[in-house]
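For reference, the structure discussed in these notes is given below.
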Amino acid sequence: MAEPVRRMPRPQRREQILEAATRAFASAGFAATGLDDVATEAGITRVILYRHFDSKTDLYRAVLDRACARLTDVVGRDDYDEHTLSALVQAAAADPDGFRLLFRHAAREPEFRDVTDALAATSTEVSHRNLTATLPDGPWTRWAARLLPTLTTEAVIAWLDAGQPDPDQAADRIAQAVHGVIAAAAQH
Numbered sequence: 001m002a003e004p005v006r007r008m009p010r011p012q013r014r015e016q017i018l019e020a021a022t023r024a025f026a027s028a029g030f031a032a033t034g035l036d037d038v039a040t041e042a043g044i045t046r047v048i049l050y051r052h053f054d055s056k057t058d059l060y061r062a063v064l065d066r067a068c069a070r071l072t073d074v075v076g077r078d079d080y081d082e083h084t085l086s087a088l089v090q091a092a093a094a095d096p097d098g099f100r101l102l103f104r105h106a107a108r109e110p111e112f113r114d115v116t117d118a119l120a121a122t123s124t125e126v127s128h129r130n131l132t133a134t135l136p137d138g139p140w141t142r143w144a145a146r147l148l149p150t151l152t153t154e155a156v157i158a159w160l161d162a163g164q165p166d167p168d169q170a171a172d173r174i175a176q177a178v179h180g181v182i183a184a185a186a187q188h
């Protein structure tokens, strides 16, 4: 007599689908990835996929929300300090596909641009608040506040794409570039 098939608990199955979808979407982007690709990556049927997500858009948004939550859990959201760059590098190393989705793919998808725009706005506001603690507010300080989030995320993506060289030194190398921007903003 055959043993009954045991179903995976719903939260565990959802996590499995999100992991697979993150890999699939990071590989080809939203437009080029079909639900069949995600189902194959997860080792499930499309029917099971639809039990958890109503559409590809819902699934992609859930993947982005999960990546944002993971990033926020590691990096924080309200302030930057001497540990922030190290935390950002660690978050990217722990979830490179999710990081790339947030900062490379989603930014190119008009339907999901709101996610990256919100991240950029929050990061710029926090950068500005931190910079004005030591620099006078003005156009160059606002320039630096807008540039620093872009610089750091692009630096981390370049580090991921280069194979994550010298992980213990990555945050320090990125910090050198950050300090260069701050020094440029401080010049009168």
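Just so we're aligned: 48 in this note's numbering is position 48 of the sequence shown, and the numbers increase by one with no gaps anywhere.
Glycine residues also receive a C-beta, built at the ideal position from the N, C-alpha and C atoms.
No experiment lies behind these values; they were computed from the predicted model shown.
Taking the C-beta atoms as reference points, F103 is found nearer than 7 Å to T153. Around the beta-carbon of G98, 16 or more other beta-carbon atoms lie within 10 Å, marking it buried. C-alpha of R10 to C-alpha of E19: approximately 14 Å in a straight line. Here DSSP, grouped into helix, strand and coil, assigns A32 to helix. Taking every protein chain shown into account, the CB of H105 has 16 or more other CB atoms within 10 angstroms, so this residue is buried.
In this model, A144 and A185 are separated by some 6 Å (Cα to Cα). Around Q90, the same chain offers V74 as residues with beta carbons nearer than 8 Å, after the five sequence neighbours per side are excluded. When C-alpha distances from R77 are compared across T57, A94, V126, the shortest belongs to V126. The three-state secondary structure of P167, taken from DSSP, is helix. Just so you know, the alpha carbons of T124 and D81 end up roughly 14 Å apart.
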